[in-house]
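The listed protein sequences correspond, in order, to chains L and Z.
Numbered per the working numbering, the first sequence spans residues 1 to 290.
Numbered per the working numbering, the second sequence spans residues 1 to 351.
Below is one structure, written out as structure tokens; the observations come after it.
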Amino acid sequence: MTVMANQMATGHTSWAPLPDEELTWFLADSKLFALPRPLEYTLEVHAIVFGLTYALESLEFPLYALRSRLVNGRVYLAAVPSASAERDLPRRIQHIHDQSIRFTGNIQGAWNRQIKPEIELYNRWLAETASFNCSAQEFEERLCQLRRQRGNQWFTAIRGVVAPTALLRRDVTGAAASGVADLAEDLTRQALESVAGQGGKLLRALLKRVGERFSRENVIEAGDDVFWLEWTEVRGLLQAAGDRRALVAERKAEAARSASLPAPASIGPSLPRDASRMVLVPEVLELLSR
Amino acid sequence: MELFSAMPDQKRMYIGTDSGLSVMSQSSAGWQHCRHALDGKFIRAMANVRDANTVYACVTREGLYASRDAGESWDLALPGNVHSVAVDPNNPRVVYAGTEPVSLFRSADSGKSWAELTALKQQPEEVSDKWWFPQYPHEGHVLSIFVDWHDPRVLCVGLEHGGILRSVDGGDHWEDLSAGIEYLDIHTVKGDPNRSNLYYTATARGFYRSEQHGRDWIFSQQGIERSYFHDLVVIPGQPSTLLLATANGTPPAWMRKEKAQAAIYRSTDDGLSWQQITGGLPASMERMVWNLTIDPNNREHLYAATGEAQRQPTESGTTHGGVWASTDRGDTWKQVYEGPNTVRSVCVGVQ
Numbered sequence: 001m002t003v004m005a006n007q008m009a010t011g012h013t014s015w016a017p018l019p020d021e022e023l024t025w026f027l028a029d030s031k032l033f034a035l036p037r038p039l040e041y042t043l044e045v046h047a048i049v050f051g052l053t054y055a056l057e058s059l060e061f062p063l064y065a066l067r068s069r070l071v072n073g074r075v076y077l078a079a080v081p082s083a084s085a086e087r088d089l090p091r092r093i094q095h096i097h098d099q100s101i102r103f104t105g106n107i108q109g110a111w112n113r114q115i116k117p118e119i120e121l122y123n124r125w126l127a128e129t130a131s132f133n134c135s136a137q138e139f140e141e142r143l144c145q146l147r148r149q150r151g152n153q154w155f156t157a158i159r160g161v162v163a164p165t166a167l168l169r170r171d172v173t174g175a176a177a178s179g180v181a182d183l184a185e186d187l188t189r190q191a192l193e194s195v196a197g198q199g200g201k202l203l204r205a206l207l208k209r210v211g212e213r214f215s216r217e218n219v220i221e222a223g224d225d226v227f228w229l230e231w232t233e234v235r236g237l238l239q240a241a242g243d244r245r246a247l248v249a250e251r252k253a254e255a256a257r258s259a260s261l262p263a264p265a266s267i268g269p270s271l272p273r274d275a276s277r278m279v280l281v282p283e284v285l286e287l288l289s290r
Numbered sequence: 001m002e003l004f005s006a007m008p009d010q011k012r013m014y015i016g017t018d019s020g021l022s023v024m025s026q027s028s029a030g031w032q033h034c035r036h037a038l039d040g041k042f043i044r045a046m047a048n049v050r051d052a053n054t055v056y057a058c059v060t061r062e063g064l065y066a067s068r069d070a071g072e073s074w075d076l077a078l079p080g081n082v083h084s085v086a087v088d089p090n091n092p093r094v095v096y097a098g099t100e101p102v103s104l105f106r107s108a109d110s111g112k113s114w115a116e117l118t119a120l121k122q123q124p125e126e127v128s129d130k131w132w133f134p135q136y137p138h139e140g141h142v143l144s145i146f147v148d149w150h151d152p153r154v155l156c157v158g159l160e161h162g163g164i165l166r167s168v169d170g171g172d173h174w175e176d177l178s179a180g181i182e183y184l185d186i187h188t189v190k191g192d193p194n195r196s197n198l199y200y201t202a203t204a205r206g207f208y209r210s211e212q213h214g215r216d217w218i219f220s221q222q223g224i225e226r227s228y229f230h231d232l233v234v235i236p237g238q239p240s241t242l243l244l245a246t247a248n249g250t251p252p253a254w255m256r257k258e259k260a261q262a263a264i265y266r267s268t269d270d271g272l273s274w275q276q277i278t279g280g281l282p283a284s285m286e287r288m289v290w291n292l293t294i295d296p297n298n299r300e301h302l303y304a305a306t307g308e309a310q311r312q313p314t315e316s317g318t319t320h321g322g323v324w325a326s327t328d329r330g331d332t333w334k335q336v337y338e339g340p341n342t343v344r345s346v347c348v349g350v351q
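This is the structure:
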């Protein structure tokens with residue numbers, strides 16, 4: 001029914017994205033996604049997928065969105081097809097080229113002028129928040145913005161550097177001459193060091209401090225147990241503390257059981273690797289996994 | 001209700017650019033420059049009141065300016081990052097202003113005092129999570145406001161990015177009506193003056209129509225050979241005429257040598273099919289058509305504001321924006337203004 005709706009988007013039926021059960025899910029087994037605990041999945045993986053989706057959309061990659069789900073503790077990703085892209089795929093591929101000119105045309109300039117300063121701005125924001133140099137109320141307000149801020153940081157890096165690098169590597173833009181692709185790869189390495197490396201470290205420090213507060217309030221046993229709570233639970237507990245020690249123990253046991261279960265490479269209907277919704281997606285994910 | 005009045009005596013044209021505003025007056029020799037105003041300010045959108053000297057101009061990151069004397073003087077009526085303004089067609093004293101971050105304000109006294117319609121922001125997280133924008137600080141904004149032609153309680157806003165929300169009780173409650181739209185970069189949302197159930201929206205990646213009061217949007221681009229959609233104007237008549245400003249790719253893509261590849265399309269069957277308008281207009285315009293507007297006193301008269309994607313350095317003798325005009329409902333066009341800055345909006349009023 002929904003497949004039909006997707007195909008009929010130009011007719012008399014309103015378009016709707018495919019539901020999860022009709023998508024093909026690929027195991028995301030890089031270190032960014034490896035066996036996330038509930039807080040890592042609902043905060044960091046959510047932010048990465050947010051950044052990926054909006055970055056690829058913004059550059060007119062021919063997909064509607066990326067989605068994630070957990071199966072036996074592993075992250076699986078799926079590309080949701082776009083009706084508008086599939087109506088005229090050649091034009092959409094041309095649009096990827098056109099949309100990326102501002103980054104691929106002078107990738108070093110774009111990095112210096114726009115991408116690097118913005119990424120560093122978010123790291124400063126994370127550092128400020130982690131250092132608790134603000135009132136309790138302001139801290140909680142900042143935590144409300146945390147997932148969006150982190151998603152924006154991933155967006156900035158992926159749109160400005162990572163995805164353009166994938167384009168340059170494939171020479172989609174025709175600008176890969178004279179070492180531009182090598183330069184782009186180096187900038188991608190710098191971007192990931194800043195976002196995943198420094199930003200990830202600051203994020204963990206911030207969350208550990210939240211965990212220490214919860215530990216003092218007997219919400220959880222040890223500060224590190226905060227990673228066994230989900231993001232919405234953490235936000236709720238900041239408003240009203242409650243004992244979650246049994247929940248944490250239950251989740252730890254469940255994760256231990258899941259870790260030994262098999263993890264197939266893909267789940268759902270088969271999808272050719274050259275499906276239009278997958279254009280350049282494996283290349284971008286491969287760059288992110290470095 | 002009469003939506004358009006008879007031909008007035010004297011016309012003024014307000015040209016809002018990315019670096020100030022020009023006021024023009026019409027004479028037998030054509031449009032003559034009267035004065036500059038709001039020097040250096042980025043005028044994002046404008047609206048005016050028919051049969052009055054009142055004009056509103058949205059200035060990026062500053063607020064909504066109002067002039068009560070046909071552009072002679074301007075006052076800051078509402079501070080904030082105002083992106084959109086609309087005058088209620090049922091009551092010219094009622095004005096709405098939309099901002100970034102997403103908020104909607106209402107004035108019942110021609111912009112002298114304002115109240116926020118706070119219910120708009122009180123949406124479930126799955127709705128407000130979609131309010132976003134690709135440029136830093138990545139906040140969505142209200143880019144389009146539609147007040148029903150006949151029922152002032154019915155309001156509709158388009159968010160860039162974020163979707164479409166509609167209220168049927170003057171803004172006390174809002175419902176997200178984005179289902180059916182694939183890419184929620186909403187540029188314009190309008191209703192049809194003849195059929196209150198019929199809505200149109202121009203998004204960055206498609207034109208859609210709804211026969212369900214803004215629910216269940218259907219993609220409708222038969223005849224259009226462009227991929228980017230910006231402004232939309234609905235000209236009352238039997239049937240209504242729709243004009244749609246289009247280009248290829250979103251603004252960053254216009255750095256290519258062909259630039260925007262803009263075109264205006266027209267529909268006379270409620271947005272079901274489209275024909276490109278070429279009477280006097282280039283088949284592929286390098287500059288984008290940022291705004292389409294009707295002379296509120298003569299529905300045959302249309303104006304198109306054109307310009308670049310981004311503010312350009314000012315160099316002597318170079319021009320980056322213009323205004324085209326049609327006096328025959330869009331059949332033929334001629335350029336009536338050319339200036340150094342991108343024209344983001346234009347409106348015409350009676351002095």
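Heads up, the beta-carbon is just placed ideally off N, CA and C, and yes, glycines get one too.
Exercise for the section: Indicate whether at least one CB of chain Z lies closer than 7 Å to the CB of Ser14 of chain L. Expected result: Flagged as an interface residue toward chain Z: Ser14 of chain L, by a C-beta distance shorter than 7 Å.
Practice task
Taking 7 Å as the cut-off, decide whether the C-beta atoms of Tyr228 of chain Z and Phe219 of chain Z are in contact.
Solution key: Cβ distance not < 7 Å, so Tyr228 of chain Z and Phe219 of chain Z don't count as in contact.
Exercise for the section: Provide the residue span of the alpha helix (DSSP H) that contains Leu182 of chain L, from first to last. Expected result: It is worth fixing the name first, because residue 182 of chain L is Asp in this sequence and not Leu. First-last of the alpha helix (DSSP H) with Asp182 of chain L: Val180 to Leu192.
Handout entry: Sequence-distant residues of the same chain with beta carbon closer than 7 Å to Gly268 of chain L, five excluded per side
Key = If you ignore the 5 residues before and after Gly268 of chain L, its C-beta comes within less than 7 Å of the C-beta of Leu23, Thr24 and Trp25, all in its own chain and listed in chain order.
Practice task
Could you please give me the residues that DSSP links to Tyr337 of chain Z through a beta bridge?
Solution key: The beta-bridge partner set that DSSP reports for Tyr337 of chain Z consists of Z:Val323.
Practice task
Output yes if chain Z places a C-beta closer than 7 Å to the C-beta of Asp243 of chain L; else output no.
Solution key: Not a single C-beta of chain Z is nearer than 7 Å to the C-beta of Asp243 of chain L.
Handout entry: Limits of the alpha helix (DSSP H) - the one that Gln239 of chain L falls within
Key = Counting along the chain, the alpha helix (DSSP H) containing Gln239 of chain L begins and ends at Trp231 to Gln239.
Problem - Separation of His150 of chain Z from Asn197 of chain Z, as counted between CA atoms - result: For Asn197 of chain Z and His150 of chain Z, the gap between their C-alpha atoms comes out near 12 Å.
Handout entry: Member of L:Ser135, L:Lys31, L:Gln108 and L:Pro164 whose CA lies at the smallest distance from the CA of Gly200 of chain L
Key = The shortest Cα separation from Gly200 of chain L among L:Ser135, L:Lys31, L:Gln108 and L:Pro164 belongs to L:Lys31.
Practice task
Spell out whether any CB of chain C is found under 7 Å from the CB atom of Ser84 of chain L.
Solution key: Among the chains of the structure shown, chain C does not appear; the protein chains present are L and Z.
Practice task
Please name the residue in L:Val234, L:Glu21 and L:Arg102 whose C-alpha comes closest to that of Arg69 of chain L.
Solution key: Ranking L:Val234, L:Glu21 and L:Arg102 by CA distance to the CA of Arg69 of chain L puts L:Glu21 first.
Exercise for the section: Would you list, in sequence order, the uninterrupted alpha helix (DSSP H) runs of no fewer than 4 residues that lie entirely inside the region 77 to 139 of chain L? Expected result: The qualifying runs are 83 to 87, 89 to 104, 107 to 110 and 116 to 130.
Exercise for the section: Check whether the region 51 to 68 of chain L touches the region 109 to 119 of chain L, counting contact only when three or more Cβ pairs, one atom from each stretch, lie closer than 8 Å. Expected result: No contact exists between the region 51 to 68 of chain L and the region 109 to 119 of chain L.
Exercise for the section: Flag Gln7 of chain L as yes if its beta-carbon sits less than 7 Å from any beta-carbon of chain Z, otherwise no. Expected result: Residue placement at Gln7 of chain L is flagged as unreliable, the pLDDT there being 39, under the threshold of 50; a coordinate-derived value is accordingly withheld.
Practice task
Select from L:Ala166, L:Ser14 and L:Arg37 the residue whose C-alpha is nearest the C-alpha of Ala256 of chain L.
Solution key: Distances from the alpha-carbon of Ala256 of chain L to those of L:Ala166, L:Ser14 and L:Arg37 put L:Arg37 closest.
Problem - Coarse secondary structure for Gln26 of chain Z, derived from DSSP in three states - result: Looking at Gln26 of chain Z - three-state DSSP - the assignment turns out to be strand.
Problem - Cβ-based neighbour list, Thr59 of chain L, same chain, cut-off 7 Å, excluding 5 preceding and 5 following - result: The sequence given here places Leu at residue 59 of chain L; Thr does not occur at that position. Excluding residues within five positions, the ones whose Cβ falls inside 7 Å are Ile96, Gln99, Ser100, Arg159 and Ala163.
Handout entry: Unbroken beta strand (DSSP E) run spanning Ala304 of chain Z, endpoints
Key = Ala304 of chain Z -> beta strand (DSSP E) spans Asn298 to Gly307.
Practice task
Indicate whether at least one CB of chain L lies closer than 7 Å to the CB of Phe4 of chain Z.
Solution key: Only weak support exists for where Phe4 of chain Z lies, its pLDDT of 43 falling under 50; the value from the coordinates is given anyway. Not one chain L Cβ lies under 7 Å of Phe4 of chain Z.
Handout entry: Selection of the region 148 to 168 of chain L by Cβ proximity to chain Z, strictly under 7 Å
Key = The region 148 to 168 of chain L vs chain Z, Cβ under 7 Å: Asn152.
Exercise for the section: Would you list, in chain order, the members of the region 254 to 271 of chain Z that have their beta-carbon closer than 7 Å to a beta-carbon of chain L? Expected result: Along the region 254 to 271 of chain Z, going in chain order, the ones with a CB nearer than 7 Å to a CB of chain L are Met255 and Arg256.
Handout entry: CA-to-CA distance, Trp125 of chain L to Val219 of chain L, given in whole angstroms
Key = Here the alpha carbons of Trp125 of chain L and Val219 of chain L stand approximately 27 Å from one another.
Problem - Among Z:Ser284, Z:Pro92, Z:Ile277 and Z:Lys257, nearest to Gly330 of chain Z - alpha-carbon criterion - result: Among Z:Ser284, Z:Pro92, Z:Ile277 and Z:Lys257, the Cα nearest to that of Gly330 of chain Z is on Z:Ile277.
Problem - is_contact[Ile96 of chain L, chain Z] using C-beta, thresh 7 Å - result: Closer than 7 Å: no.
Practice task
Anything in the region 47 to 59 of chain L with a Cβ closer than 8 Å to a Cβ of chain Z? List those residues in chain order, please.
Solution key: Of all residues in the region 47 to 59 of chain L, Tyr54, Glu57 and Ser58 have a Cβ within less than 8 Å of some Cβ in chain Z.
Problem - Cα-Cα separation between Gly179 of chain L and Arg213 of chain L, rounded to whole angstroms - result: Distance between the alpha carbons of Gly179 of chain L and Arg213 of chain L: 50 Å.
Exercise for the section: Compare the C-beta of Val99 of chain L with all C-beta atoms of chain Z and state if any pair is closer than 7 Å. Expected result: A small fix is needed here, since residue 99 of chain L is Gln in this sequence, not Val. Against chain Z, the CB of Gln99 of chain L has a partner CB under 7 Å away; the residue lies at that interface.
Handout entry: Ile294 of chain Z versus Asp109 of chain Z: straight-line alpha-carbon distance, rounded
Key = Between the C-alpha atoms of Ile294 of chain Z and Asp109 of chain Z there is a straight-line separation of about 24 Å.
Handout entry: Bounding residues of the beta strand (DSSP E) (the contiguous stretch that carries Arg68 of chain Z)
Key = Per DSSP, Arg68 of chain Z lies in no beta strand (DSSP E) and is assigned neither H nor E.
Practice task
Mind listing, in chain order, the continuous alpha helix (DSSP H) runs of no fewer than 4 residues lying wholly within the region 197 to 284 of chain L?
Solution key: Taking 4 residues as the minimum length, the alpha helix (DSSP H) runs contained wholly in the region 197 to 284 of chain L are 200 to 216, 231 to 239 and 245 to 259, in order along the chain.
Handout entry: Short Cβ contact (7 Å threshold) for Ala263 of chain L with Arg92 of chain L
Key = Taking 7 Å as the Cβ cut-off, Ala263 of chain L and Arg92 of chain L do not qualify as a contacting pair.
Exercise for the section: Give the straight-line distance between the Cα atoms of Asn72 of chain L and Val279 of chain L, rounded to the nearest whole angstrom. Expected result: Note on geometry: alpha-carbon atoms of Asn72 of chain L and Val279 of chain L lie some 28 Å from one another.
Exercise for the section: Would you verify that the beta carbon of Gly140 of chain Z is, or is not, closer than 7 Å to some beta carbon of chain L? Expected result: Proximity of Gly140 of chain Z to chain L, defined by a Cβ-Cβ separation below 7 Å, is not satisfied.
Problem - Closer than 7 Å at the beta carbon, the chain Z residues around Arg290 of chain L - result: Those within 7 Å of Arg290 of chain L in chain Z number zero; the least Cβ separation is about 25 Å.
Practice task
Indicate the three-state DSSP secondary structure (helix, strand or coil) for Leu198 of chain Z in the structure shown.
Solution key: Note: Leu198 of chain Z maps to coil in three-state DSSP.
Problem - Distance between Pro62 of chain L and Gly237 of chain Z (C-alpha atoms, nearest Å) - result: When rounded, the distance between both Cα atoms is 39 Å.
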